[in-house]
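Engineer:
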Ligand SMILES: Nc1ncnc2c1ncn2[C@@H]1O[C@H](COP(=O)(O)OP(=O)(O)OP(=O)(O)O)[C@@H](O)[C@H]1O
Ligand SMILES: [Mg+2]
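In my numbering, the protein residues as written are 437 to 1180.
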């Protein structure tokens, strides 16, 4: 089916054609034939890279331009939401029937807002969590949404994040029974069931743009699904590496999935030693520049230095311990073909568009503390394998598993390559998971009675898959908890939220977290310090990621707890009473210590050294802490702990920036982070007043501050720069940059 023949607005056709697409892929054609463009509800289940996004784009644009509708695009991850936003932006020049241009908006942060400004947009891209929080705020414009696109909908199966998506979909259907649903999914076994729940049609295909050849590597031989076999050279003792090098030598790239960060790093190191001789000159040049960019983005740490050392050889590792900017640099360099071997943890497996000729699955097992090793699911395997084959570049993609014995090879062939992906199952009916959703149903007045609550949850995928009565019991238990904790009241037959309950729901808190914060604020520690608040939030289930004490840290952490026992709002269980709880407490203490060091301006490298907390983890902790300190402040103000409000305010800002209080004024300026603020402060420029009177040359003389930044500072503090001064600085700039390169 040609793009030119489709019943979509001409301007949309032009833009799609201009992007180099003139014909629909078969799954896209099937979706059109199933009525996706005519407003039919549809589940589209097809392999990775089969073009689900374009289907969604065409639906959304037709819907908006011709019917003046409003579309919501749900994405499971922030990074993915950003990617989609970039893709949708190309349609911004199109005019709707009313003459206005199509407006694309994105919203992924701040969970305590109804974002009224989003009303102006025709397509809103949001993460599932953000959409959930918008629903809790009853954002008015949500009622106007007439098309919802749910990306990666097989995520319903994920025990942590699936339930949010499930509730969001059920809620949108409750608000607007006529809403059009377009659900995009990987290939799963029970598409029909999923479609039936959504009252949608479905299209399920196995079609891929590049042929996929799956196989198992045993020593130096790959055995493929179709019976073919391939020998590779033995260059090192590691078969996976030999295979990766073989691919690179023949002009391809390899993506190697490892089970842990440590394995990913060590594989990348080994790859780097062998790759060097294979690289061409232009690639080497590109990699040198990549190295500079790796070092220049963010603080320098042993991790960024290691990464820099590896990328010049064309190898790199990609895992959640890296900061977002580093990850993006690596993804872009891999897409450009500069990095030849990228090792990654499974987090890379879904969503991000990062194809490679060959995908090597180094380990089909995962390890979880307290659980041991377990094999990954077929669904997970297919997601990783699906990354193989770059359209336009490769005619065939390869996905290779690793076996150590003949027996294991047969097992892998049967259990993954020849196996069907599993069914997906709703994970909603777990008390901890369901609790916030029950509260929000009442708090945002989606239900006013107990029966109303049950009615809503009887429309979820969980109720569809299991016996609806099974979920009733859990809900009743949760209602009792919410009532006991004064989040809801019962007035005759009606259930109404209390002020506290409503705020907890809006703040996107787990009710248990709110109870903990409330009792912390009430009980107070004998001595209230930064640590008291950090521990209060570390004690809540919403603090994420949790930190675990390493056994080598137990003594030191116990000592830390002992030294600071006056400052904790919750006292530790003793080791003798309950060993597990004690360890959990030490984990919380460690997290509080990490946050305290952060606001005392420890460097990122010190955090790695002292706590083994890597930048990516640190940023996630900081994100959680910002939100939980904000929520604590809101609750402190609601619950009349007026004296604590300013303390929490300041701590939140310090946590966001990683600074001592004395830097607050400086760090509020645009372009000034923790490093520059410290440099300014130590040079005697301690606040706005000093900056106002200081000559601009004095600023430019400081490390990390160039003429541009200096000018920006001056503009913000109300000073101005004379044009002759500016010219002079321009001349000095080159000299200064040279100086900085040599010294920093
Ligand atoms: N009809 C088409 N012709 C050529 N290229 C296409 C066509 N449709 C989509 N593509 C390209 O295919 C690539 C993959 O598409 P997309 O990201 O939508 O895959 P997906 O099905 O969403 O996969 P995933 O499971 O990874 O999310 C994109 O680069 C897109 O531009
Ligand atoms: Mg996709």
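For glycine and all other residues, C-beta sits at the position ideal for the given N, C-alpha and C.
Is the Cβ-Cβ distance between residue 507 and residue 611 less than 9 Å?
Structural biologist: Not closer than 9 Å, so no.
Engineer: By the DSSP assignment, the alpha helix (DSSP H) with residue 951 in it spans what residues?
Structural biologist: Taken as a continuous stretch (DSSP letters only), the alpha helix (DSSP H) holding residue 951 covers 947-959.
Engineer: Spatial neighbours of residue 746 within its chain, please: CB distance less than 6 Å, with the 5 preceding and 5 following residues excluded, ordered by chain position.
Structural biologist: Correct list, in chain order: 704, 708 and 752.
Engineer: Am I right that residue 1098 and residue 862 are in contact with their C-beta atoms under 8 Å? What's the rounded C-beta distance?
Structural biologist: Actually they do not touch by this definition, with Cβ atoms about 51 Å apart.
Engineer: Measuring only the C-alpha atoms, how far is residue 474 from residue 761?
Structural biologist: Computed Cα separation, rounded: 40 Å.
Engineer: Whole alpha helix (DSSP H) runs in the region 1054-1126 with 4 or more residues, listed along the chain?
Structural biologist: Complete alpha helix (DSSP H) runs here, min 4: 1080-1093, 1100-1103 and 1110-1118.
Engineer: Report the rounded CA-to-CA distance for residue 1179 versus residue 1140, giving the unit in angstroms.
Structural biologist: A caution first: residue 1179 carries a pLDDT of 45, below 50, which makes its placement in the model unreliable, though a value can still be read off. Straight-line Cα distance between these residues: approximately 11 Å.
Engineer: Which ranges does the alpha helix (DSSP H) cover as unbroken runs of at least 4 residues, wholly within the region 812-893, from first to last along the chain?
Structural biologist: With a minimum length of 4 residues, the continuous alpha helix (DSSP H) runs that stay inside the region 812-893 are 814-821, 842-848, 867-879 and 886-893.
Engineer: I'd like the list of long-range same chain contacts for residue 735, defined as Cβ closer than 8 Å, with 5 residues on each side in sequence excluded.
Structural biologist: 1039, 1040, 1041, 1051 and 1111, listed in sequence order.
Engineer: To which residues of the same chain is residue 1060 closer than 6 Å at the C-beta, ignoring the five residues directly before and after it?
Structural biologist: Hits under 6 Å: 979 and 980.
Engineer: Once DSSP output is grouped into helix, strand and coil, what is the label at residue 549?
Structural biologist: Reduced to three states, the DSSP call for residue 549 is coil.
Engineer: Note the first and the last residue of the continuous alpha helix (DSSP H) segment covering residue 489.
Structural biologist: Unbroken alpha helix (DSSP H) run through residue 489: 488-503.
Engineer: Note the first and the last residue of the continuous beta strand (DSSP E) segment covering residue 925.
Structural biologist: 924-927 is the extent of the beta strand (DSSP E) around residue 925.
Engineer: Would you say residue 716 touches ligand 1, meaning its beta carbon is less than 8 Å from a heavy atom?
Structural biologist: Result no, Cβ not under 8 Å from ligand 1.
Engineer: Is residue 397 near ligand 2 - that is, is its Cβ less than 8 Å away from at least one heavy atom of it?
Structural biologist: A query on residue 397 cannot be resolved here, the shown segment of the chain reaching from 437 to 1180 and no further.
Engineer: From 1091, 877 and 922, pick the residue whose C-alpha is nearest to that of residue 969; which is it?
Structural biologist: Selected option, being the one with the closest Cα: 1091.
Engineer: In whole angstroms, give me the CA-to-CA distance for residue 460 and residue 485.
Structural biologist: Whole-angstrom Cα-Cα distance: 13 Å.
Engineer: Give every residue of the same chain whose Cβ lies closer than 7 Å to the Cβ of residue 966, excluding the five residues on either side of it in the sequence, and list them in chain order.
Structural biologist: Once the five neighbours on either side are set aside, the close Cβ partners of residue 966 are 1032, 1035 and 1087.
Engineer: Give me the residue from 494, 592, 464 and 741 with the minimum Cα distance to residue 445.
Structural biologist: Residue 494 is the option with its Cα nearest to residue 445.
Engineer: What is the C-beta distance between residue 693 and residue 795, in whole angstroms, given that I count them as a contact (C-beta under 8 Å)?
Structural biologist: Confirmed, Cβ separation roughly 7 Å.
Engineer: For residue 542, count neighbouring Cβ atoms within 10 angstroms of its own Cβ and tell me buried if that reaches 16, exposed if not.
Structural biologist: By the 10 Å Cβ count, residue 542 comes out buried.
Engineer: Say yes only if the C-beta of residue 773 is nearer than 8 Å to one or more non-hydrogen atoms of ligand 1, and no if none qualify.
Structural biologist: Answer for residue 773: no, Cβ out of range of ligand 1.
Engineer: When the Cα of residue 895 is compared with those of 983, 807, 608 and 670, which residue comes out closest?
Structural biologist: Among 983, 807, 608 and 670, the Cα nearest to that of residue 895 is on 608.
Engineer: Contact defined as beta carbons within less than 8 Å: I believe residue 1002 pairs with residue 962. What is the distance between those atoms, to the nearest angstrom?
Structural biologist: Indeed they touch by this definition, with Cβ atoms about 5 Å apart.
Engineer: Span of the alpha helix (DSSP H) holding residue 599?
Structural biologist: Residue 599 -> alpha helix (DSSP H) spans 598-611.
Engineer: Taking all protein chains shown into account, decide if residue 469 is buried (16 or more other Cβ within 10 angstroms of its Cβ) or exposed.
Structural biologist: The residue is exposed, with fewer than 16 neighbouring Cβ atoms inside 10 Å.
Engineer: Would you report the Cα separation of residue 455 and residue 789, rounded to the nearest angstrom?
Structural biologist: Roughly 17 Å separates the two Cα atoms.
Engineer: Would you say the beta carbon of residue 561 is closer than 8 Å to some non-hydrogen atom of ligand 1?
Structural biologist: Checking every heavy atom of ligand 1 against the Cβ of residue 561, none is found closer than 8 Å.
Engineer: Following a CB-centred definition, is residue 464 positioned closer than 8 Å to any heavy atom of ligand 4?
Structural biologist: Ligand 4 is not part of the structure shown, which contains ligand 1 and ligand 2 as its ligands.
Engineer: Here's a check: name, in chain order, each residue in its chain whose Cβ is nearer than 6 Å to the Cβ of residue 521, leaving out the five neighbours to either side.
Structural biologist: Cβ neighbours of residue 521 beyond the five flanking positions: 542 and 561.
Engineer: Is the beta carbon of residue 522 within less than 8 Å of some heavy atom of ligand 2?
Structural biologist: Residue 522 Cβ: outside cutoff for every heavy atom of ligand 2.
Engineer: Rounded to a whole number of angstroms, what is the C-alpha to C-alpha distance between residue 907 and residue 887?
Structural biologist: Near 13 Å, if we compare the C-alpha coordinates of residue 887 and residue 907.
Engineer: Can we count residue 588 as close to ligand 1, meaning its CB is less than 8 Å from some heavy atom?
Structural biologist: Yes, Cβ of residue 588 sits closer than 8 Å to a heavy atom of ligand 1.
Engineer: Along the chain, where does the beta strand (DSSP E) that runs through residue 1023 open and close?
Structural biologist: Run containing residue 1023: none in the beta strand (DSSP E); it sits in the alpha helix (DSSP H), 1015-1035.
Engineer: Tell me which same chain residues have a C-beta within less than 7 Å of the C-beta of residue 1075, skipping the five on either side of it?
Structural biologist: 954 and 957, listed in sequence order.
Engineer: Among 1134, 1151 and 942, which residue has its Cα nearest to the Cα of residue 551?
Structural biologist: When each option's Cα is compared against that of residue 551, the closest is 942.
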